[in-house]
Amino acid sequence: MTDLTRISAAELSGLLADGSVSSVEATRVHLERIAAVDGDVHAFLHVAAETALATAADVDRRRAAGDRLGPLAGVPVAIKDVLVTADMPTTAGSKILEGWMPPYDATVVRKLRESDLVPLGKTNMDEFAMGSSTEHSAYGPTHNPWDLERIPGGSGGGSAAAVAAFEAPLALGSDTGGSIRQPAAVTGSVGFKPTYGGVSRYGAIAMASSLDQVGPVARTVMDTALLHDVIAGHDQMDATSLATDWPSMAAAATAGLADGALKGVRVGVIQELAGNADGFQAGVKQRFDETLALLSAAGAEVIGVSCPNFEYSIAAYYLIHPAEASSNLARFDSVRFGLRENPADGPITSERVMSATRGAGFGPEVKRRIILGTYALSAGYYDAYYGSAQKVRTLIQRDFQAAFEKVDVLVSPSAPTTAFKIGEKIDDLLAMYINDITTIPANLAGVPGLGLPMGLAPEDGLPTGLQLMAPAMQDARLYTLGAAIEQLLEASWGHTLISQAPELRTGNTRSAEGNN
Amino acid sequence: MAKANLMDYDKALELFEPVLGFEVHVELNTATKMFCGCANEFGQGANTNTCPTCLGLPGGLPQVNGKAIESSIRLGLALGCEIAETCRFARKNYFYPDTAKNFQTSQYDEPIAYEGSLTIELESGRQVTVAIERAHMEEDAGKLTHKGGASGRIQGADYSLVDYNRGGVPLVEIVTHMIEGAEADAPEIGRTYVAAVREIVKALGVSNARMEEGNVRCDANVSLRPRGSDTLGTRTETKNVNSLRSVERAIRYEIQRQAQVLSAGGTIVQETRHWHEDTGTTSPGRPKSDADDYRYFPEPDLVPVAPSREWVEELRATLPEPPAERRKRLQAEWEFSALEFQDVVNSELLDQVEATVAAGASAQSARKWWTGEIARLANVDGVSPETLVSPGQVAELVALIDSGTLTDRLGRQVLEGVIAGEGNPAQVVEARGLAVVSDDGALIAAIDDALASQPDVLAKIRDGKVQAAGAVIGAVMKAMRGQADAARVRELVLERAAE
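These protein sequence lines are chains R and Y, in that order. Residue 88 in this note's numbering sits at position 48 of the first sequence, with consecutive numbering throughout. Residue 462 in this note's numbering sits at position 453 of the second sequence, with consecutive numbering throughout.
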């Protein structure tokens with residue numbers, strides 16, 4: 041009997057469609073897997089076992105009745121806890137929202153339900169998506185399935201670990217500075233940050249509004265594309281959502297499997313992110329260079345391009361992002377929802393209750409960024425900080441434009457290193473921040489980015505990731521090229537990368553329902 | 010400061026020159042809120058017109074109300090403003106429980122309308138042109154109710170309730186440049202300016218313009234400059250003055266108060282002040298400095314608003330005649346005295362009188378009915394006159410009187426019938442049988458009956474005591490239940506005496 045947790049969402053949907061497997065079975069095996077391994081991995085903050093089984097039973101019933109269902113109907117999915125769900129608590133990894141039941145579904149969650157996917161639960165994340173390791177979750181870190189001592193990336197470490205640990209075939213993430221792509225890289229999974237405006241942000245708890253984008257997480261490029269097709273599209277509830285008719289990403293991925301899909305494709309290697317700079321791990325660079333050689337051999341034209349302003353991207357990001365976050369997080373004030381703390385002594389006034397609540401409810405990284413952002417927006421500093429950062433952003437957009445005049449796609453490692461150890465960088469924040477150097481430029485420019493496995497680093501045997509970036513709106517191009525490259529790499533290895541992940545200890549280490 | 014301690018107004022003006030500035034908030038009457046689809050309705054149950062966006066829930070996002078943009082552009086145009094080719098919303102960050110997101114979505118350095126002017130005329134005939142700096146779009150805050158304190162204010166309250174129904178209602182804030190040279194007219198300039206803005210938004214139909222419901226709210230900035238100095242004084246901002254008369258009183262009070270403080274060697278604190286309707290005084294609010302830091306930055310959840318020039322010109326073509334010009338024209342057309350015209354304007358019945366005249370009534374008759382009997386009945390019922398009858402019905406009533414079918418007295422009965430929903434005036438006349446009896450035969454018969462019981466009347470008239478006819482006329486009118494033309498009855502009685 042096939043282990044339903046090990047197959048792709050595409051394969052599973054085929055089995056569901058031809059009736060050889062029910063959604064209830066598929067859902068149950070994933071819930072069992074979660075119960076068996078999530079005590080060690082801690083990918084989930086909440087598992088909705090009963091609701092998931094009921095949803096799956098309903099899908100099975102309607103399929104039996106002959107209803108026309110979507111391609112992913114009955115397939116389980118995990119949801120990053122930054123997305124509000126009307127039937128599951130939503131915390132964004134923060135104590136300040138502990139136990140909060142939203143009165144509504146995020147648009148992407150509504151779309152999942154309308155397409156009959158089966159939500160399994162909510163995945164762990166750095167508090168309010170601030171972090172690159174999931175160590176900043178108020179509910180404890182998620183562990184990398186490749187090595188439980190190591191981080192699964194962040195902020196969407198929970199979603200990446202869930203798919204890498206075979207707890208779910210699909211997951212939703214959100215990417216503000218790399219929170220989908222960097223976890224994908226360090227867990228050997230696939231993640232996609234869509235063009236800014238390609239997927240609705242309504243119901244995604246905002247961190248940095250001009251950078252945030254919801255996207256799909258999976259183990260294969262095709263599965264990522266299938267989930268992308270479910271969540272993409274214009275939403276009148278999000279004013280920054282693009283009124284574009286998106287092509288089918290799954291069809292684009294299929295096109296990449298044809299012979300010669302890479303022939304004549306101009307692949308730009310960003311010199312500033314090519315792995316020669318400080319902070320890039322040797323094994324990451326080695327796998328990247330090998331991948332470029334494979335691309336050349338497959339007929340692609342590999343061209344070096346320079347994006348000179350990318351070196352300012354982290355500095356600009358750490359002004360724009362905290363500035364917007366400081367304002368977005370102002371609403372967590374205890375008045376309408378969430379935690380309420382009274383001051384330990386002295387008068388109880390609304391101002392003092394707000395202050396006590398925020399003091400108790402926000403973790404140190406969140407407070408740090410609120411303070412940074414408040415400072416950057418202050419009168420007299422605005423021009424020097426926020427204003428200058430916006431100018432850098434324009435320069436980075438121009439770098440992308442200039443590069444895309446010469447090439448069809450830009451490539452870099454998804455992350456400069458493999459997964460570091462939990463606790464290793466928690467006291468060295470700049471080192472932590474630098475980890476996002478490869479992913480941040482795409483957020484600043486609003487262009488799409490795809491991260492996929494690039495092999496294991498020789499020195500530590502841990503996954504590395506390849507990042508592809510295309511001009512805004514050209515998301516489909518990334519799926520075509522991503523599927524082609526994935527096929528090329530897997531042919532060179534003779535197996536998928538994720539099949540090399542070590543077996544996890546299984547045991548009844550986690551209750552199937554509720555928060556932990 | 011108690012009113013007894015204020016400096017005499019004339020003395021204050023002798024020593025200081027008042028400098029004014031106004032921020033008028035106009036609540037737009039769009040069907041939905043500025044940034045979400047919730048109803049923009051006054052008087053609903055607390056927190057019923059709310060959604061994740063206007064409640065500031067995690068994940069909520071704003072969407073711009075196109076109708077509010079249109080109203081803002083029309084208002085900007087009516088104030089003679091330039092309309093921005095592109096403008097942005099900005100976040101004004103401050104913590105307060107009535108502001109759900111703890112920032113107000115407003116406009117900062119890119120208002121939708123800028124640099125206009127409004128010319129007002131004072132009672133003396135003096136014309137003052139108020140320069141408008143900007144008119145920008147923003148959202149209203151929720152409403153706080155403080156419970157348990159003696160004063161209903163936040164100080165001393167046990168707890169406070171928040172109603173977010175008003176949160177997110179669209180506002181246009183109209184900001185003037187500094188107004189110098191107001192001199193002793195300063196309070197009247199304030200009242201007249203706010204009245205003019207209110208009249209414009211009403212004529213445009215972009216706001217319900219009810220000051221008592223807070224649709225139009227004025228913040229009045231007042232400072233005093235010592236005579237002979239060219240340095241501006243420190244200003245105070247008296248917030249939310251909610252009637253025209255209060256605007257005038259608040260400015261006058263601030264001039265007298267500030268003059269007293271300055272003359273006694275004190276300094277004016279830059280602050281907001283609360284206006285107290287009951288005592289006619291202001292009291293300190295919160296300190297306000299030019300360096301107040303709201304950490305404005307462009308609203309990243311919204312895209313810029315870029316009204317096309319074609320659209321702006323289309324909207325310009327929809328602007329009504331400016332209210333001041335319209336008033337001048339109508340007064341001349343109707344040949345009303347200043348007093349008669351002011352009566353119509355003050356009763357807010359200009360539209361009704363104009364429509365009634367358009368339906369065929371004479372201007373004087375239209376004025377008389379609307380400001381007289383209709384206004385009286387409306388007042389009794391506590392409703393607006395225009396809700397009782399239509400201009401067409403009033404014109405029909407006037408026509409029935411002009412043709413002699415009705416007397417004024419019968420006309421009032423017909424009006425009551427119309428208001429009671431018995432139909433149009435002609436239908437009420439028919440149903441109630443109220444038309445004047447114009448058949449001389451019927452009148453003569455009634456006169457004969459009256460004379461039979463008062464046989465000496467004819468002799469008295471013949472002796473020159475014409476007033477004796479009154480008793481007969483009264484008896485006839487009574488017998489005819491008022492449905493006779495008293496003048497005609499009198500004629501017939503005198504004819505009989507002359508026989």
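Backbone N, C-alpha and C fix where the C-beta goes; we use that ideal spot for every residue, glycine too.
- Judged by beta-carbon spacing, E263/Y lies beyond the 8 Å limit of V225/Y, meaning their Cβ atoms are not closer than that value.
- With at least 16 other beta carbons inside 10 angstroms of its own, Y242/R counts as buried.
- Distance from the Cα of A166/Y is smallest, within the candidate group P542/R, P387/R, I436/R, for P387/R.
- Counting only unbroken stretches of 4 or more residues, the alpha helix (DSSP H) elements lying wholly within the region 346-411 of chain R are 353-368, 390-401, in sequence order.
- DSSP links E130/Y through a beta bridge to Q136/Y.
- Per the coordinates, the alpha-carbon of Q437/R lies some 15 Å from the alpha-carbon of I360/R.
- R97/Y and S81/Y have their C-alpha atoms some 14 Å from each other.
- Closest option to K120/R, judged by alpha-carbon separation, among A244/R, E51/R, A225/R: A244/R.
- Under the three-state reduction of DSSP output, N164/R falls in the coil class, being neither helix nor strand.
- R259/R and E322/Y have their alpha carbons spaced roughly 55 Å apart.
- Here A248/R is near T216/R, since their CB atoms are less than 8 Å apart.
- A residue is called buried once 16 or more other Cβ atoms fall within 10 Å of its Cβ, and G218/R is buried on that count.
- Counting other Cβ atoms within 10 Å of its Cβ, D439/R reaches 16 or more and is therefore classed as buried.
- Assigned with DSSP and collapsed to three states, G213/R falls in strand.
- For R100/Y, the chain R residues whose C-beta falls within less than 8 Å of its own C-beta are S367, listed in chain order.
- In the DSSP assignment, E182/Y forms a beta bridge with H34/Y, H145/Y.
- According to the DSSP secondary-structure assignment, G420/Y is paired through a beta bridge with no residue.
- The residues V28, G30, in chain order, have a CB closer than 7 Å to that of M187/Y in the same chain once the five nearest residues on each side in sequence are set aside.
- Under the DSSP assignment, P503/R falls outside any alpha helix (DSSP H), being part of the beta strand (DSSP E) whose first and last residues are 503-509.
- Residue contact with chain Y for Y426/R: present (Cβ-Cβ distance below 8 Å to some residue of chain Y).
- In the structure shown, the three-state DSSP call for P296/Y is strand.
- The three-state reading of DSSP puts R376/Y in helix, counting H, G and I together.
- Under DSSP, R100/Y takes part in a beta bridge, and its partners are T114/Y, F306/Y.
- Within a 10 Å sphere around the beta-carbon of I456/Y sit 16 or more other beta-carbons, which makes this residue buried.
- Taking C-beta atoms as the reference points, P185/R and A211/R fail to come closer than 8 Å.
- Taking all protein chains shown into account, Q476/Y has fewer than 16 neighbouring C-beta atoms within 10 Å of its C-beta and is therefore exposed.
- Interface flag for K20/Y against chain R is unset, since no Cβ pair is found closer than 8 Å.
- Positions of the beta strand (DSSP E) runs, each at least 3 residues long and wholly inside the region 97-126 of chain R, are given as 116-120 in order along the chain.
- Residues are counted here when their Cβ sits less than 7 Å from a Cβ of chain R; for the region 60-79 of chain Y these are P61, L64, G65, L66, P67, G68, L70, P71, Q72, V73, given in chain order.
- The bridge partners DSSP lists for N184/R are D187/R.
- Boundaries for W343/Y: no beta strand (DSSP E) harbours it, while the alpha helix (DSSP H) harbouring it runs 332-343, taken from the DSSP string.
- In the DSSP assignment, K487/Y falls outside any beta strand (DSSP E) and lies within the alpha helix (DSSP H) extending over 478-488.
- In this structure, the beta-carbon distance from V69/R to G161/R does not fall below 8 Å.
- The C-beta separation of H183/R from G403/R comes to about 19 Å, leaving the pair out of contact by the 8 Å criterion.
- In the DSSP assignment, C227/Y is bridged to V33/Y, V250/Y.
- The three-state reading of DSSP puts I383/Y in helix, counting H, G and I together.
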